[in-house]
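To keep things clear, I will list the structure first and then write my remarks on it.
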Amino acid sequence: MPYCARINPVANDEGLAPARGRRDVPWALVTFSLATAVYLLTLSHDVGTFDVAEFQTIPHLFGVAHPTGYPLFTIIGGVWSWIPIGRVATRMNLFSAVLFASAASVLCSVGVRLRLRGAVSASAALTFAFATGTWLNAVHVDVQSLHLLLVALLLLTWVVAYQDPRPRHIALMCLVVGFGLVHHGLMIVTAAWVLALFVACRWRAATRAATLRLAIPALLLPLLTLLYLPLRDGSAPLLDANPRRSWWQKIRGDGFRGTMGELRSLGIWGRAVGHHRELISSWTGGGVLLLAVLGIGVLMRRAPAATWAIVGVGLLASYVQANAADSNDRYILTTVLALCLLASIGADAVIDAVAAVVPPRRLAVTSAALVALFALLPLNGLRANYQSLDAHAIRRNERNGLDVLRSLPKSCVLWAYWDLRTELFYLRYVEHVRPDVTILDHRSTEFLGSSFAVSATSLVDGLESAPAYRGRPICFVPLPGRSVSSSTVKATVLTTTERPWGLSYLTPGAVYVLEHNRLGEA
Numbered sequence: 001m002p003y004c005a006r007i008n009p010v011a012n013d014e015g016l017a018p019a020r021g022r023r024d025v026p027w028a029l030v031t032f033s034l035a036t037a038v039y040l041l042t043l044s045h046d047v048g049t050f051d052v053a054e055f056q057t058i059p060h061l062f063g064v065a066h067p068t069g070y071p072l073f074t075i076i077g078g079v080w081s082w083i084p085i086g087r088v089a090t091r092m093n094l095f096s097a098v099l100f101a102s103a104a105s106v107l108c109s110v111g112v113r114l115r116l117r118g119a120v121s122a123s124a125a126l127t128f129a130f131a132t133g134t135w136l137n138a139v140h141v142d143v144q145s146l147h148l149l150l151v152a153l154l155l156l157t158w159v160v161a162y163q164d165p166r167p168r169h170i171a172l173m174c175l176v177v178g179f180g181l182v183h184h185g186l187m188i189v190t191a192a193w194v195l196a197l198f199v200a201c202r203w204r205a206a207t208r209a210a211t212l213r214l215a216i217p218a219l220l221l222p223l224l225t226l227l228y229l230p231l232r233d234g235s236a237p238l239l240d241a242n243p244r245r246s247w248w249q250k251i252r253g254d255g256f257r258g259t260m261g262e263l264r265s266l267g268i269w270g271r272a273v274g275h276h277r278e279l280i281s282s283w284t285g286g287g288v289l290l291l292a293v294l295g296i297g298v299l300m301r302r303a304p305a306a307t308w309a310i311v312g313v314g315l316l317a318s319y320v321q322a323n324a325a326d327s328n329d330r331y332i333l334t335t336v337l338a339l340c341l342l343a344s345i346g347a348d349a350v351i352d353a354v355a356a357v358v359p360p361r362r363l364a365v366t367s368a369a370l371v372a373l374f375a376l377l378p379l380n381g382l383r384a385n386y387q388s389l390d391a392h393a394i395r396r397n398e399r400n401g402l403d404v405l406r407s408l409p410k411s412c413v414l415w416a417y418w419d420l421r422t423e424l425f426y427l428r429y430v431e432h433v434r435p436d437v438t439i440l441d442h443r444s445t446e447f448l449g450s451s452f453a454v455s456a457t458s459l460v461d462g463l464e465s466a467p468a469y470r471g472r473p474i475c476f477v478p479l480p481g482r483s484v485s486s487s488t489v490k491a492t493v494l495t496t497t498e499r500p501w502g503l504s505y506l507t508p509g510a511v512y513v514l515e516h517n518r519l520g521e522a
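The sequence shown: position 196 = 196 (full-length UniProt numbering), numbered continuously.
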């Protein structure tokens, strides 16, 4: 209790006093409806590349994704993918859009629970929804969508439990934490911070026997979802993104930790802060950062505990992005979410300050004008991004994938690098284009030695030593920058192909058919 007394000396201070009624629900519904409508108008109906195509394919087939396995996303997305709305790729893209819109609506609820104006909270949530990075990922399937929804739910349940620390509210927060831990490794640091802060400030409520009887099972129950990984690994799913790792290694995401936890990670993070600031400004506009700084100061006076919770969530996501092995800019979306919430607090404080000095007869008009001014932030995002992020008519990936598959000889075995391979996985195993073709997944590592950088020589030698593939034509799309020339392997170009790299493209490459160069061997 001494720590709690320092950061929040009043049991329910001004910033965290329970809001009367459920006035957050209408504003949350408005936010969800507007975000969903915009996402639907710009939704991609194309096959993806890279991880997008992976998550259009693996949930539908109930396969195993790359580490950390994402069993929660796979199970929920797999059920969703059977809803008869368009093709499977469209359904999975829509799944992501609905999750992002839901995250925005929950963010609006958090603002209202912090006693902000509903219109201001909705504007902040829509600013997040229409930020460049959010919108870009909302129109294609992305596992960050579920993570951001769970982060928003964690903040909401934290505020509710802090306002009214009854056992069921604390248990609900723990349930969200449990599902968050199952889904994404970023939740480990986020949940640890938020839970530790809650326990420090609500020690008596958090440690009551009645609370623990509900909270501990609520925290542990979602972890049963992890059993999906060993169960599916053992049943030889159609697609398995990394069978050589144990299911525990997959859950930990060993290959993606980077420098996190090392002493030098703080220096790396410090050098990345400038990039993060520029990236967030380009996504949301500089006004969000300025209002967020003001919001931190305002909320620190009203509700220090909530300030630490929200700021900590944003900073930890920034730290993880700077130090993760893949340096994924999508991790910054959690920081953007926190900043938009803080910006709404700053904007609401500006309205309060102006309202305090205007004559009473002009109060309503002045307040409405300032709320409308803040609403320009999401409108600016809508104006700036609509044309560039409208993906509804793009079919580049599908055309490219079909061209590759149609060029292949009958009953061939194909190895392609990850970004293109996942696109071909979808067309072959979900839409059943060229069912005679076998596209190698990560299980080929057992006889190729690698699933990432395979050479023409190792591919030919490995497949000819595997009884299941011996005698079949061998086709190859090498990792960009890798040579196919070899004294022992003859490579013949079948066709040229677009070469996806992440969500963009490199210069065109080629699809090769490989065979032993008997003359070279002689």
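Glycine included, C-beta positions come from ideal geometry on N, C-alpha and C. Since this is a predicted model, take the numbers as computed values, not measurements.
- Contact check for Val98 and Thr42: beta-carbon distance about 14 Å, past the 8 Å limit, so the pair fails to qualify.
- Taking a 10 Å sphere around the C-beta of Lys490, we find 16 or more other C-beta atoms and assign the residue as buried.
- Secondary structure of Asp240 (DSSP, three-state): strand.
- When only Cα atoms are considered, Gly234 and Gln144 end up about 27 Å apart.
- Three or more beta-carbon pairs drawn from the stretch 269–282 and the stretch 320–338 are found closer than 8 Å, and the two stretches are therefore classed as touching.
- Per DSSP, Trp418 is one residue of the alpha helix (DSSP H) stretching across 418–425.
- Apart from the 5 residues on each side of it in sequence, Val88 sits with its Cβ closer than 7 Å to the Cβ of Gln56, His60, Ser81, Val430 in its chain, given in chain order.
- Around the beta carbon of Val106, a 10 Å sphere encloses 16 or more other beta carbons of the protein chains shown; the residue is thus reported as buried.
- In this structure, DSSP gives Thr438 an extended state, which the three-state scheme calls strand.
- Ala369 sits exposed, since fewer than 16 C-beta atoms from the chains shown fall within 10 Å of its C-beta.
- In this structure, DSSP gives His516 an extended state, which the three-state scheme calls strand.
- Going by beta carbons, Ala129 and Ala161 fall outside the 8 Å limit.
- For Thr497, the enclosing beta strand (DSSP E) has its first and last residue at 489–501.
- By the beta-carbon neighbour count (other beta carbons within 10 angstroms, threshold 16), Glu515 is exposed.
- Here DSSP, grouped into helix, strand and coil, assigns Trp82 to coil.
- Between the alpha carbons of Leu146 and Ala53 lies a distance of about 17 Å.
- Shown here, Ser388 sits in a helix according to DSSP, grouped into three states.
- For Ile474, the three-state secondary structure derived from DSSP is strand.
- Here the stretch 336–355 makes contact with the stretch 290–309; the two share three or more CB pairs at distances below 8 Å.
- It is roughly 53 Å from the alpha-carbon of Ala104 to the alpha-carbon of Ser465.
- Using a C-beta cut-off of 8 Å, the stretch 392–408 makes no contact with the stretch 371–380, since fewer than three inter-stretch Cβ pairs fall below that distance.
- In this structure His432 is exposed. Its beta-carbon is surrounded by fewer than 16 other beta-carbon atoms within 10 angstroms.
- Judged by DSSP secondary structure, Ala171 falls within the alpha helix (DSSP H) whose first and last residues are 167–183.
- In its chain, beyond the 5 residues on either side, Ala210, Thr211, Leu214 have a beta carbon closer than 6 Å to the beta carbon of Pro167.
- For Val64, the secondary structure class from DSSP, reduced to helix, strand or coil, is strand.
- Separation of the CB atoms of Trp415 and Leu479 is rounded to 10 Å, and the pair is thereby denied contact status at 8 Å.
- Setting aside the 5 residues that flank it on each side, Val176 is surrounded in the same chain by Leu150, Leu153, Leu154, Thr157, each with a C-beta closer than 7 Å to its C-beta; the list follows chain order.
- Shown here for Ala453: same chain residues with a beta carbon closer than 7 Å to its own, the five before and five after excluded, namely Leu479, Arg482 in chain order.
- The beta carbon of Ala349 is closer than 6 Å to those of Val298 in its chain, skipping five residues each way along the sequence.
- A direct Cα-to-Cα measurement between Trp193 and Cys174 gives close to 13 Å.
- Look at Thr507 here: in three-state DSSP terms it is strand.
- In the structure shown, Leu43 adopts coil according to DSSP, grouped into three states.
- Around the beta carbon of Ile83, a 10 Å sphere encloses fewer than 16 other beta carbons of the protein chains shown; the residue is thus reported as exposed.
- By the CB criterion at 8 Å, Leu116 and Ile296 fall outside the cutoff.
- Only residues of its own chain outside the window of five on either side were considered, and among them Ala171, Cys174, Leu175 have a CB closer than 6 Å to the CB of Ala218, listed in chain order.
- Bridge partners of Val413 according to DSSP: Thr438, Ile474.
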